[in-house]
């Protein structure tokens, strides 16, 4: 089985569409340390195929708070396992892993920015070369739990 290779797309064609995405997980919070485990399952649809592809993505993240202002350093690992092969080019097996190391920066009471280095390794399968990617990653998290929404009576 080989990796899905990038394909030339004609004007007007669409990329993969993602359907259901479920994400059960657990959080262990112990003072200055926090570990998060979760497993996402993606259902993937492609215009160029009739089958549905699935992707299982277990993730582990460890945070260590530094100081009293909400700053933290973190590391995470996410694997990508494809449980099925599709006619659109998805090949069953362990496809890639992503590792991130970074810092979580509070931006007020309800917002945190995660800024980090992302290393992604895609395994060479079926004679294809392995691929290593390096990137800056920025994620903005907004806590909406404490926002009040005005009640509307129609």
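In our numbering, the protein residues as written are 84 to 237. C-beta: ideal position from N, C-alpha, C; glycine also.
Q | Closest by C-alpha distance to residue 156, when choosing among 180, 166, 130 and 117 | A | As a first step, residue 156 is located in the chain shown; it is residue number 73 there, counting from the start. Residue 117 is the option with its Cα nearest to residue 156.
Q. Which residues share a DSSP beta bridge with residue 167?
A. The count along the chain shown starts at 1 and reaches residue 167 at position 84. DSSP, once it has assigned bridges, lists no residue as partnering residue 167.
(Q) Measuring straight from C-alpha to C-alpha, what distance separates residue 119 and residue 169? (A) Here residue 119 corresponds to residue number 36 of the chain shown, with the count starting at 1. Here residue 169 corresponds to residue number 86 of the chain shown, with the count starting at 1. Going from the Cα of residue 119 to the Cα of residue 169 covers about 31 Å.
Q) Helix, strand or coil: how does DSSP classify residue 93 here? A) Numbered from its first residue, the chain shown carries residue 93 at position 10. Residue placement at residue 93 is poorly supported in this model, since its pLDDT is 38, which falls under 50; the coordinates still yield a value, given next. Looking at residue 93 - three-state DSSP - the assignment turns out to be coil, as it is neither helix nor strand.
**Q.** Distance between residue 114 and residue 195 (C-alpha atoms, nearest Å)
**A.** If you number the chain shown from 1, residue 195 lands on position 112. If you number the chain shown from 1, residue 114 lands on position 31. Approximately 18 Å, taken between the alpha carbons.
**Q.** Segment contact, 8 Å Cβ cut-off, at least three pairs: the stretch 170–180 with the stretch 140–156
**A.** no
Q. Rounded C-beta distance between residue 131 and residue 165? I'm assuming under 8 Å.
A. Taking the first residue of the chain shown as 1, we reach residue 131 at position 48. Taking the first residue of the chain shown as 1, we reach residue 165 at position 82. 17 Å between Cβ atoms; not a contact.
Q: Taking residue 127 as part of the beta strand (DSSP E), name the residues at either end of that continuous run.
A: As a first step, residue 127 is located in the chain shown; it is residue number 44 there, counting from the start. Per DSSP, residue 127 belongs to the beta strand (DSSP E) from 116–128.
Q. Starting from residue 195 and walking both ways along the beta strand (DSSP E), at which residues does that stretch end?
A. Taking the chain shown and counting its residues from 1, one reaches residue 195 at position 112. Residues 194–205.
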